[in-house]
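Residue numbers (our numbering): 35 to 401.
Using N, Cα and C, we set each Cβ at its ideal position, and we do this for glycine too.
Keep in mind it's a predicted model, so treat the numbers as computed, not measured.
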Amino acid sequence: MVIAGFGDTGLLVAINLGADFDIVGISPKPCLVSGQELGMRLTQPQRWKQDYLMPFARYQKLDGVRTVQGLITSIDTQSATVTTRLHNGPSQVEPYDALLISSGVTNGFWRNNALEDFDTINQSIDSTSQELLQAQTIAVIGGGATGVSVATNLAARHPKKSVHFFYSEAQPLPGYHPRVRQRVAQHLGNVGVTLHPGHRAVIPDGFQCDRFTTGPVAWRGARQPFEADLTLWAVGKTEPNNSFIPPDMLNGDGFVKTDDFLRVEGYNNIFAVGDIAASDPHRSSARNWGYRLLGHNIRAHLEGRDGDMKRYEPPRYRWGSVYGVQQNGLRVFQPDGSSFRFPHWTVRSLLFPLAVRRMIYKGVRKD
């Protein structure tokens, strides 16, 4: 079993498959670098690292998994092999009986497909946080969950900073339930974020939105440019990490076409999950227990029980914590517009050690 992309979701699929299979996980990083909780990553980098920057060796259920650091260069479906250019130069070929494509997307400076060592990753997290926190007037552009997370955490933890949040629609969080969108907009105002609905930024030519900027931001329409000490771009300028994927597997936008079982269309032994997979309009399989379903479906396929596979059924609306952990705890918004909150005292004593590390990851070793 080869897992092409060993980020949040690929790693969880490996954990759920267990020790019954020979699993190879391929990643450009030597560790898990989560794409989650950018607001915490920028405002509390040391706290974020404890939960979201994790050497693979700390996961107990990965003890039998072989990890390879490198960039995948090709998939050969005829020979059922994956070729990887290793981090130290040479290429390596991995055969597979089943293949999972979970290579994700490149989005901003916080999600990339670059070959990096642990020290480089660690230093980059610290330096971007320091750069942001030195600014007094900050513009956050983009109304999705990433923009909300950054704006909320900045304003809540640094109330003396002037945080301006720009988004193109009337409310933030497109794709979420209308009640969630309204509630989140109200909360942003309550914590001191200045809201700027109806603002669509003009992205400079050639700019990939992968770094902070300091110049004035221009807008489409008759709106005055805005100047901030620092601007963070979270406009959803995503690029699928698909350079190694055969063109017949991709849709017109470059994402992997999947069927109801998260198999790649036209291939019985190749699966896809996460942001690279065109599983539904929101590409939401990473956030809707897709790793559990794939653990079941891949096992069924490898054991000759394709008829036992389960269908992936995404909810209509997106869901999740959005803000991350706040002073009053962790609030999780549901697809039906409701929400529930874990009190702050439970987050570190129960939620992360028990629900996350023991139940979801099935055991994480201490440093």
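- Between SER136 and VAL307, the CB-CB gap stays under 9 Å.
- DSSP places ILE172 in the uninterrupted beta strand (DSSP E) bounded by 171-175.
- When the alpha-carbon of GLY240 is set against those of LYS271, THR115 and PRO206, the nearest one is in LYS271.
- Between VAL182 and PRO206, the beta carbon gap of about 5 Å places them in contact (Cβ cut-off 8 Å).
- Here ALA38 is bridged, per DSSP, to ILE60 and ILE135.
- For THR101, the enclosing beta strand (DSSP E) has its first and last residue at 100-110.
- The Cβ neighbour count for PHE367, taken over all protein chains shown within 10 Å, is at least 16; the residue is labelled buried.
- In this structure the segment 257-271 lies against the segment 163-183, because at least three pairs of beta carbons, one per stretch, are closer than 8 Å.
- Within the same chain, LYS291 and ASP293 come within 6 Å of GLU299 by CB-CB distance, once the 5 residues on both sides are set aside.
- The closest CA to that of LYS63, considering only HIS378, PHE90, THR107 and THR162, is found on PHE90.
- If you draw a straight line from the Cα of SER161 to the Cα of GLY123, it is about 28 Å long.
- Short of 6 Å from the beta carbon of PRO315, and not among the five residues preceding or following it, lies no beta carbon of its own chain.
- Annotated as distal: ARG92 and ASP56, with beta-carbon spacing of 9 Å or more.
- Within the same chain, Cβ atoms closer than 6 Å to the Cβ of LEU46 are found at TYR325, the five residues on either side in sequence being excluded.
- For GLU165, the uninterrupted alpha helix (DSSP H) run begins and ends at 152-167, by DSSP.
- DSSP places MET343 in no alpha helix (DSSP H); its state is neither H nor E.
- Taking the Cβ atoms as the reference, ALA132 lies roughly 6 Å from LEU336, within the contact range of under 8 Å.
- Taking LEU385 as reference, the option from VAL359, SER372, ASN141 and TYR130 with the minimal CA-CA separation is VAL359.
- Here GLU150 is buried: its Cβ has 16 or more other Cβ atoms, across all protein chains shown, within 10 Å.
- Straight across, the Cα-Cα distance linking LEU167 with TYR395 is about 32 Å.
- Where GLN220 is concerned, the enclosing alpha helix (DSSP H) starts and stops at 212-224.
- Taking C-beta atoms as the reference points, ILE60 and GLN112 fail to come closer than 9 Å.
- Contact between LEU66 and MET35 is absent: CB atoms are separated by about 18 Å, not below the 8 Å threshold.
- One Cα belongs to TRP253, the other to PRO259, and the distance between them is close to 6 Å.
- Beta-carbon to beta-carbon, ALA38 and VAL116 are separated by about 6 Å, close enough to satisfy the 8 Å threshold.
- When only Cα atoms are considered, VAL197 and LEU222 end up about 10 Å apart.
- For LYS291, the three-state secondary structure derived from DSSP is strand.
- For PHE200, DSSP records a beta bridge to ILE175 and HIS230.
- C-alpha of THR118 to C-alpha of THR107: approximately 5 Å in a straight line.
- Counted as a single uninterrupted DSSP element, the beta strand (DSSP E) harbouring THR118 occupies residues 115-120.
- When the Cα atoms are used, ALA312 and ASP110 turn out to be separated by approximately 21 Å.
- Sequence-distant partners of ARG345 (beyond 5 residues in either direction) whose C-beta falls short of 7 Å from its own C-beta, in its chain, are ASP294 and PHE295.
- The three-state reading of DSSP puts SER183 in helix, counting H, G and I together.
- SER383 carries a helical assignment under DSSP once its states are collapsed to helix, strand and coil.
- Rounded to the nearest angstrom, the gap between the Cα atoms of PHE278 and THR43 is 19 Å.
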